[in-house]
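Heads up, the thing below is written out as C-alpha cells.
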Amino acid sequence: VRESRPHAPSPRHYYRILDPADPRWIRLEASYRESIGLEVRPMAPRPVPSAPPAKPPRPPSYEERVALVIATLEELETSPSLETVEDIEKRLLDLGEDVVGATAKAKAADRALLDGINSRLRRTLEEMDLLRSSVRRVLVATEPAPRTRAEAALRAAIRVFRENLAGDGE
1 VRESRPHAPS PRHYYRILDP ADPRWIRLEA SYRESIGLEV RPMAPRPVPS
51 APPAKPPRPP SYEERVALVI ATLEELETSP SLETVEDIEK RLLDLGEDVV
101 GATAKAKAAD RALLDGINSR LRRTLEEMDL LRSSVRRVLV ATEPAPRTRA
151 EAALRAAIRV FRENLAGDGE
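Those letters in the sequence shown? Residues 1 to 170, by the UniProt record's numbering.
Structure (C-alpha cells):
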C-alpha cells in the first residue's frame with residue numbers, strides 16, 4: 001500500500017519514532033526508500049548551529065561625545081596647551097559634521113534634539129578664538145600677577161564653553 005502512495009507519511013510516523021537521533025528512524029527511512037526503489041544516499045551530517053553574529057560596538061552618542069569634550073576642557077584648565085585646544089576644535093567639528101548628517105535622516109522629534117545640539121556646537125565654535133587667545137595668554141605670561149589674570153580669563157572662557165556645550169545658556 002505504501003509503495004503506491006509515495007506522498008503518504010513515512011512509516012516512522014506509524015511507529016511513533018519521534019526522535020530523529022533514534023537509529024531506528026534512519027534505518028526505517030532507508031529501508032522504506034529501498035523498498036520503493038529510491039536511491040539511499042548516506043545520511044548528511046547534522047547541521048551545527050552557528051553562534052549568532054556579534055553585535056558591532058555601539059558608537060558613543062552625541063551627548064557622550066559632548067561630555068568627552070567637557071572633560072577635555074577640565075584637562076585644559078589644569079594644563080593649558082594649544083594642542084589641546086586644537087584637539088577640542090577638531091572633535092567639535094567632527095561632531096558637528098556627524099550631527100548635520102544625522103539631522104538630514106532623522107524624524108521630527110530626533111531632528112529637534114539634533115538641531116539643539118547643532119546650535120550649541122555652532123555657538124561653541126564661535127567662541128574658539130576666545131579660548132585659543134586665553135590659552136595663549138596663559139602660556140606667554142611668565143610673571144605671577146599677569147599669569148593669575150590670564151588663568152582667570154581662561155577659567156571664564158572655559159566656563160562660557162561649558163555653558164554653551166551643556167545648553168545652560170538657552
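Every residue, glycine too, gets a C-beta built ideally from N, C-alpha and C.
Is the beta carbon of residue i less than 7 Å from the beta carbon of residue j?
i	j	result
L154	S134	yes
A102	L113	no
I88	V99	no
L73	I158	yes
Note down, in chain order, each residue of its chain lying with its Cβ closer than 6 Å to the Cβ of residue i, except the 5 sequence neighbours on either side.
i	result
A150	R137, V138, A141
R147	A141
Once you ignore the five residues that flank residue i on each side, which residues in its own chain have a CB closer than 7 Å to its CB?
i	result
L165	V66, V69, I70, R120, T124
A145	none
F161	L73, T124, E127, L131
residue 226	In the structure as shown, the chain starts at 1 and stops at 170, and residue 226 therefore has no counterpart that could be examined.
E75	T84
Is residue i helix, strand or coil when you go by DSSP?
i	result
V48	coil
L73	helix
S61	coil
K107	coil
T124	helix
R16	coil
A54	coil
A21	coil
S79	coil
residue 171	A question about residue 171 goes unanswered here, because the residues of the chain that appear run from 1 up to 170.
Straight-line CA distance for residue i to residue j?
i	j	result
E77	A51	48 Å
A152	L130	13 Å
R91	P53	31 Å
P60	D110	16 Å
R16	E64	60 Å
L95	A21	57 Å
E39	R24	19 Å
Given the structure, does residue i come close to the ligand SAM, in the sense that its CB is under 6 Å from one of the ligand's heavy atoms?
i	result
S50	Among the components of this structure there are no ligands whatsoever, and the ligand SAM is therefore not found.
What residues in its chain sit with their C-beta under 8 Å from that of residue i, if we drop five residues either side in the sequence?
i	result
D19	W25
Q. Is the region 46-57 touching the region 91-106 in the sense that three or more CB pairs, one from each, lie closer than 8 Å?
A. no
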